[in-house]
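J.: What follows is a single structure, and I will ask about it in a moment.
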Amino acid sequence: MTQLFKPELVCPAGTPAGLRTAVDAGADAVYCGFQGPTNARNFPGLNFTLAEMADAVTYAHDGGAKVLAAINSFPTAGRTEIWKKAIDDAVSIGIDAVIIADIGMAGYMSRNHPAQRIHLSVQAGASSPEAINFYCRNFDIKRVVLPRILTVAEIKKVHDEIGCEIEAFVFGNIGMMAEGRCALTNYVTGQSTNMDGVCSPASHVHYEEDEDRNLKTKLGEFTIDCIACGENAGYPTICKGRYNAGHKQEYYAFEEPVSLNLTRLLPDLMRAGVTALKIEGRQRSRAYVKAVVSAFRQAVDAYSRGDEPDISNLLALTEGHRETQGAFRSKTWR
Amino acid sequence: MTLTLPVMITNKPLPGARRPDDAGARGFARLLPPVPLFALQPLLGHIVRTVARRHPELIARLGDNCKKRFLIDPYNLPFFLLLQPDPDRPQLRAHTRGQDVEHDVHISGTLVTLLRMIDGQSDSDALFFNRDLAVTGDTEAVVALRNALDNMDATLADDVAACFGPLSRPVRGVIDLTLKFASQKP
């Protein structure tokens, strides 16, 4: 196998200890968010205070890694100051890039912090060269995180027509196809994935297990799945629930509980011109971060040397114990 | 407004389903002499007070959830634990099975599963996905607890072992032996 350009490995961290684990496991960059609604993983006990983020930047830089601040939810009228402060704070502590979804915040950044590197979040849902180039021209976006709706061949075409780097997801939870536009949680709980940073807020999730170990998952007052004893579970989100949908019973109407795993497609992505490979999972534990980051570090290094890596079996860490190459391999995956 | 989501499925219960076997717990039980619960309570109190004192960052991450009562249920042992990590009055007590104890969260799994989790060896989401870990009650509190524990550089298992003073190394050894014994189980 010929040598390939070595892409940046971008890894998740939900806590300072998680960030240190990611850096130590070989991450080139770690993405994380502040506590509160400004990022899309606003879960209890998760995320960073400003002081913790500053320490994290120091630790990462000492270890040769970058820190990317995810400020990638959408402010609503009257709340924009929270997002602007998060941006100002991130810039003040020497963050390497800010991941932005909202067009207004992209404008704020480019006006107030023109030297700061901006990455366009997957939440922005920019998937065409025209959309991406609009952000490049107007806000000097340096990198786009592509929605998980494109095949590798399409990513190559996009790469050839845009003026910025591409970051592609390679492992972890795979969400709704219209990234950044999901309103299901908001519909049921009144809290929004996009505006409050919380999909299926834990305060609204309830599990009920009977004596035979059958598990009922509820979001608010609605039951979204019933999982039989011995059957694997998934995240408690509406999009991963099963429903009686008229023509089908017990039907995954939106998505199936399955994780993205593109280990075998890494050489294709590298040849397509992808600059950075992203691992999902800021809500996951240090054990997950260590296992997944280490496995991808070995795989990326081996491919870039021209070797065939011994691809680790990451199935144990996948949702529902199932993995997919999703739309990256074929549009017919669902 | 009427919610138009489709009606939920109902999977039929599997008759006679049982919890998984836990060789690790049996191995652990063989390594330790039987201890009456009243003798265990001062030690548990010492552990929770020490952890709360050493790790204010853990309490800070819990926020208001530190007032919640966590029932920790290693279901192959003859007792369960009730944890309330309130920094003003941290409590950890053992209760015999059959006791009706008020709680906000119920976390259950084999002893080995719970040990691996507090020792940072296993991803709790993965344990949940494959049904090794069950959680009922206040999900927000348990998510906060999971994330707060996961932010500890040393593991909670190390802190528990350290509470045994001069016996900390043998206790840590017993934990390691239990986990090793369980991982070798076919």
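The listed protein sequences derive, respectively, from chains A and B.
Quick note: the first sequence uses the working numbering, first residue 147, plus one each step.
Quick note: the second sequence uses the working numbering, first residue 14, plus one each step.
Cβ atoms here follow ideal geometry from the backbone N, Cα and C, with glycine treated the same way.
Quick caveat, the model's predicted, so the values are computed rather than measured.
1) Taking the alpha carbon of Lys-212/A as the point to measure from, which residue in Arg-187/A, Arg-263/A, Gln-337/A has its own alpha carbon closest?
2) Against chain A, does Met-21/B count as a neighbour if the rule is that its beta carbon must be under 8 Å from one of theirs?
3) Grab the span of the alpha helix (DSSP H) containing Asn-258/A for me, first residue to last.
4) By alpha-carbon positions, which one of Ala-374/A, Glu-311/A, Leu-192/A, Lys-386/A ends up nearest to Leu-330/A?
5) If you follow the alpha helix (DSSP H) that Pro-413/A is in, where does it begin and where does it stop?
6) Please go through the same chain and pick out, in chain order, the residues whose beta-carbon is closer than 7 Å to the beta-carbon of Gly-76/B, but skip the five residues on each side of it.
7) By the 9 Å beta-carbon criterion, what residues does the stretch 129 to 150 of chain B contribute toward chain A?
8) Apart from the five residues just before and just after Leu-27/B, which ones in its own chain have a Cβ nearer than 8 Å to its Cβ?
9) Roughly how many angstroms separate the alpha carbons of Tyr-261/A and Phe-83/B, rounded to a whole number?
10) If I follow the unbroken beta strand (DSSP E) through Arg-74/B, where does it start and stop?
11) Does any residue of chain A bring its CB to less than 8 Å from the CB of Leu-18/B?
12) Are the stretch 149 to 164 of chain B and the stretch 60 to 74 of chain B in contact at 8 Å, needing three or more beta carbon pairs?
13) Which runs of the beta strand (DSSP E) spanning at least 3 residues fall entirely within the stretch 190 to 247 of chain A, listed in chain order?
14) Just verifying my parser: in three-state terms, what is the DSSP assignment at Leu-423/A?
15) Among all the DSSP beta bridges, which residues are the ones paired with Lys-364/A?
16) Check this for me: beta carbons of Asn-340/A and Tyr-381/A, under 8 Å apart or not?
17) Please classify Pro-158/A: does DSSP put it in a helix, a strand, or coil?
18) Is any beta-carbon of chain A found at less than 8 Å from that of Pro-199/B?
19) By Cβ distance, which residues of its chain are closer than 6 Å to Glu-354/A, with the 5 residues on each side in sequence left out?
20) Count Cβ pairs between the stretch 220 to 233 of chain A and the stretch 283 to 303 of chain A that sit closer than 8 Å; are there 3 or more?
21) Can you give the Cα-Cα distance for Val-438/A and Ala-215/A, rounded to whole angstroms?
22) Exposed or buried, Leu-180/B, counting other C-beta atoms within 10 Å across all chains shown (16 or more means buried)?
23) Give a yes or no on whether the minimum CB-CB distance between Asp-166/B and chain A is below 8 Å.
24) Indicate the three-state DSSP secondary structure (helix, strand or coil) for Tyr-281/A in the structure shown.
25) Looking at the C-beta of Thr-123/B, does it have a partner C-beta in chain A at a distance below 8 Å?
26) Report yes or no: do three or more beta-carbon pairs, one from the stretch 165 to 182 of chain B and one from the stretch 361 to 379 of chain A, lie closer than 8 Å?
27) If you check the beta carbons only, do Pro-103/B and Val-155/B fall under 8 Å apart?
28) Helix or strand or just coil, what does DSSP make of Gly-343/A?
29) With distances taken between CB atoms, is the gap from Glu-153/B to Ala-422/A smaller than 8 Å?
30) Report the option in Gln-97/B, Ala-147/B, Arg-66/B, Ala-167/B whose CA atom is closest to the CA atom of His-352/A.
31) Quick one: Cα of Leu-411/A to Cα of Tyr-398/A, how far?
32) Please determine, among Ala-270/A, Val-237/A, Arg-388/A, His-467/A, the residue with the shortest C-alpha to C-alpha distance to Ile-246/A.
33) Starting from the Cα of Leu-296/A, find the closest Cα among Arg-187/A, Ile-425/A, Phe-285/A, Ala-272/A and give me that residue.
T.: Let me lay it out:
1) Arg-263/A
2) The pLDDT assigned to Met-21/B is 35, lower than 50, so where the model puts this residue is not dependable; a value taken from the coordinates is nonetheless given after this. For Met-21/B, the answer is yes, since a Cβ of chain A falls inside 8 Å of its Cβ.
3) 249 to 258
4) Lys-386/A
5) 412 to 417
6) Ala-157
7) Arg-129, Met-130, Gly-133, Gln-134, Ser-135, Asp-136, Ser-137, Asp-138, Ala-139, Phe-141, Phe-142, Asn-143, Arg-144, Ala-147, Val-148, Thr-149, Gly-150
8) Bear in mind that a pLDDT of 32 at Leu-27/B, under 50, signals an unreliable position, so the number given afterwards is only what the model happens to contain. Excluding positions up to five away in sequence, the list is empty.
9) Correcting the residue identity first, residue 261/A is Ala in this sequence and not Tyr. Distance between the alpha carbons of Ala-261/A and Phe-83/B: 48 Å.
10) No beta strand (DSSP E) contains Arg-74/B, which is instead part of the alpha helix (DSSP H) from 69 to 75.
11) Bear in mind that a pLDDT of 36 at Leu-18/B, under 50, signals an unreliable position, so the number given afterwards is only what the model happens to contain. Yes, contact with chain A.
12) yes
13) 212 to 217, 243 to 246
14) strand
15) His-352/A, Thr-369/A
16) no
17) strand
18) Note that Pro-199/B scores a pLDDT of 45, beneath 50, so its modelled location is shaky; the value from the coordinates is reported in the next line. Chain A contact via Cβ: absent.
19) Lys-362
20) no
21) 21 Å
22) exposed
23) yes
24) helix
25) no
26) no
27) no
28) coil
29) no
30) Ala-147/B
31) 26 Å
32) Ala-270/A
33) Ala-272/A
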